[in-house]
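Asks:
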Amino acid sequence: MKTLQIPTQPVIETERFDLRPVRQSDLGLIELYASDPRVANNTVSIPHPLPPGVIEAYIKRATSDERIEDVWVMDGLKTGGSEVMGVISLVKMDRDQSEVGYWVAPAFWNTHLASEAVQALVQANPLGNNNMFASVFRDNPASAKVLTNAGFRYLGTAESYCLARETCVPTWTYSIKL
2 MKTLQIPTQP VIETERFDLR PVRQSDLGLI ELYASDPRVA NNTVSIPHPL
52 PPGVIEAYIK RATSDERIED VWVMDGLKTG GSEVMGVISL VKMDRDQSEV
102 GYWVAPAFWN THLASEAVQA LVQANPLGNN NMFASVFRDN PASAKVLTNA
152 GFRYLGTAES YCLARETCVP TWTYSIKL
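So the sequence shown is residues 2 to 179, counted in my numbering.
1) Note down, in chain order, each residue of its chain lying with its Cβ closer than 8 Å to the Cβ of Pro107, except the 5 sequence neighbours on either side.
2) Are Thr15 and Ala121 close, meaning C-beta to C-beta below 9 Å?
3) Which one of Ile177, Gly54, Arg139, Arg154 has the shortest CA to CA distance from Asp97?
4) Would you please state the rounded distance, in angstroms, between the beta carbons of Tyr162 and Trp173? I believe it to be under 8 Å.
5) Along the chain, which unbroken stretches of the beta strand (DSSP E) at least 3 residues long are found entirely within the segment 108 to 172?
6) Where do the N-terminal and C-terminal ends of the alpha helix (DSSP H) with Ile89 fall, by residue?
7) Would the C-beta of Leu122 count as close to the ligand NAD, meaning under 8 Å from any of its heavy atoms?
8) How is Val65 classed by DSSP in three states: helix, strand or coil?
9) Give me the DSSP bridge partner(s) of Gln10.
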């Protein structure tokens with residue numbers, strides 16, 4: 002019999018919430034929040050309107066042993082918050098690098114949730130990265146502030162295609178050396 006090593010993600014604890022691996026039971030809340038155009042319009046990968054099955058496929062990829070992206074849910078149950086308040090992820094890249102992506106449900110905007118999540122992920126460095134990168138749309142300066150608060154440094158401008166907007170959107174790119 003051959004034993005396979007299944008890659009696991011750690012739970013990353015903060016005072017207000019835990020970053021825990023996404024699970025199938027998160028489907029309903031993630032779908033609810035991701036279908037909000039205010040969330041979709043600030044990401045590259047969430048289409049709007051949200052087609053059926055997109056979030057189910059996302060969770061399946063995120064929980065696969067062969068995944069290239071580790072996804073954590075911002076879970077506030079331990080302090081009486083919602084089980085899903087947002088999502089943060091690391092896309093694995095070459096040379097011990099990864100790209101950070103995140104979104105927060107509108108009900109939790111302006112609560113510093115994203116800042117705490119990014120800071121916790123950087124501090125934990127669960128993939129043992131040497132560098133992390135992130136890009137934000139230039140019309141979302143609050144998201145840029147999240148990155149600079151976590152120690153990311155501005156690299157330059159670019160543009161990324163946004164599925165929800167169906168167009169290329171100017172971006173700011175940031176990195177942090179760990």
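Virtual Cβ for every residue (Gly too), placed ideally from N, Cα, C.
Replies: On the basis of the supplied data:
1) Hits under 8 Å: Tyr34, Asp37, Arg39, Val40.
2) Going by C-beta atoms, Thr15 is nearer than 9 Å to Ala121.
3) Of the listed residues, the one whose Cα sits closest to Asp97 is Ile177.
4) Not confirmed; about 16 Å, so no contact.
5) Qualifying beta strand (DSSP E) stretches, in chain order: 132 to 138, 154 to 163.
6) Run containing Ile89: none in the alpha helix (DSSP H); it sits in the beta strand (DSSP E), 87 to 94.
7) As for the ligand NAD, it is missing from this structure, which has no ligand bound.
8) The residue you asked about is not Val; residue 65 is Ser in the sequence shown. Under the three-state reduction of DSSP output, Ser65 falls in the coil class, being neither helix nor strand.
9) None; Gln10 has no bridge partner.
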